[in-house]
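These notes are about the structure you will find just below.
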Amino acid sequence: MRHREVSELMTREVIAVPQNAAFKDIVRTLLEHQVSAVPVVDSAGHPLGLISEGDLLPKSAGQGDYFRSLPEREAWQEDKAEGLRAEELMSAPPVCAGPDWTVAEAARLMEAQSVKRLLVVDESDTLVGIVSRRDLLRIFLRDDDAIRHEITGDVLDRTLHQSPSAITVEVADGRVELHGTVQFKSLIPVIERLCRTVDGVVSVKEQLGYAVDDTIAP
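Dropping the structure here:
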């Protein structure tokens with residue numbers, strides 16, 4: 000079974016800023032390129048951190064009415080508000096992935112680190128792309144016929160050696176339904192689990208019968 004890799008979904012032409020980029024230059028870069036975050040790189044193209052709109056917002060939040068008290072802020076917010084250059088404003092270290100990571104691996108890291116995007120680096124830790132949550136969601140736009148073909152060919156035939164005529168696979172908007180009969184009952188949850196791992200599958204509903212119940216202890 001083949002899973003889509005980060006390299007197939009990432010943005011390759013990444014807009015980045017040097018570590019000494021000034022505050023206004025960073026804001027200008029975000030607005031001109033209509034992006035919500037930019038990586039900070041050194042002279043060799045190695046990522047040092049990431050600056051998002053959230054990293055810049057404390058500067059605006061600190062410019063309230065002189066005669067009106069503002070809510071107390073945490074120390075990191077005060078540091079961001081005082082920052083003038085990229086290296087003082089960025090969130091570091093950056094959360095990175097490799098171009099050969101699967102979509103599932105990238106999604107798990109995003110979830111674990113509570114980030115919206117990952118910087119993609121090659122073997123030399125050079126920035127080669129950026130992938131966002133929106134990019135990863137594109138796999139759910141796969142064509143239903145492509146999903147069905149992968150399930151019947153890769154999952155049922157080549158992986159589990161099931162006859163294509165024994166199980167009917169129907170796919171509509173990424174929702175998979177399985178009908179038919181298998182030899183052993185224990186195979187049913189295996190089929191369902193493998194189908195769920197196919198890129199683009201939203202849900203799996205099985206209505207499979209079996210010839211032998213091999214789950215009963217002798």
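First residue of the sequence shown? That's 0 in numbering that gives the first Met the number 0, and the numbers climb one at a time after it. Glycine included, each C-beta is placed from N, C-alpha and C at the ideal position.
Going by DSSP, L47 is part of the beta strand (DSSP E) stretching over P46 to S51. When only Cα atoms are considered, R1 and V40 end up about 33 Å apart. As a beta-bridge residue in DSSP terms, F183 pairs with V211. Between G128 and T10, the gap from beta carbon to beta carbon is short of 9 Å. Pairing D124 with P46 gives a Cβ-Cβ distance under 9 Å.
Less than 9 Å separates the beta-carbon of L118 from that of L126.
For L177, the three-state secondary structure derived from DSSP is strand. Of the candidates I138, E86, V189 and D142, E86 places its Cα closest to the Cα of P17.
Between V175 and S202, the beta carbon gap of about 7 Å places them in contact (Cβ cut-off 8 Å). Residue pairing from DSSP places Q206 in a beta bridge opposite H178. For T167, the three-state secondary structure derived from DSSP is strand. Taken atom to atom, the span from the alpha-carbon of D198 to that of A96 is near 19 Å. Annotation for A36: no alpha helix (DSSP H) segment contains it, though the beta strand (DSSP E) segment containing it runs A36 to V40.
In this structure, the straight-line span from the alpha carbon of I190 to that of L155 is close to 8 Å. Taking every protein chain shown into account, the CB of G53 has fewer than 16 other CB atoms within 10 angstroms, so this residue is exposed.
Counting along the chain, L140 sits inside no alpha helix (DSSP H), nor does DSSP assign it H or E at all. Inclusion of I25 and L55 in the CB contact set at 9 Å is warranted, their separation being smaller than that value. Counted as a single uninterrupted DSSP element, the stretch harbouring I14 is not any beta strand (DSSP E), since DSSP gives it neither H nor E.
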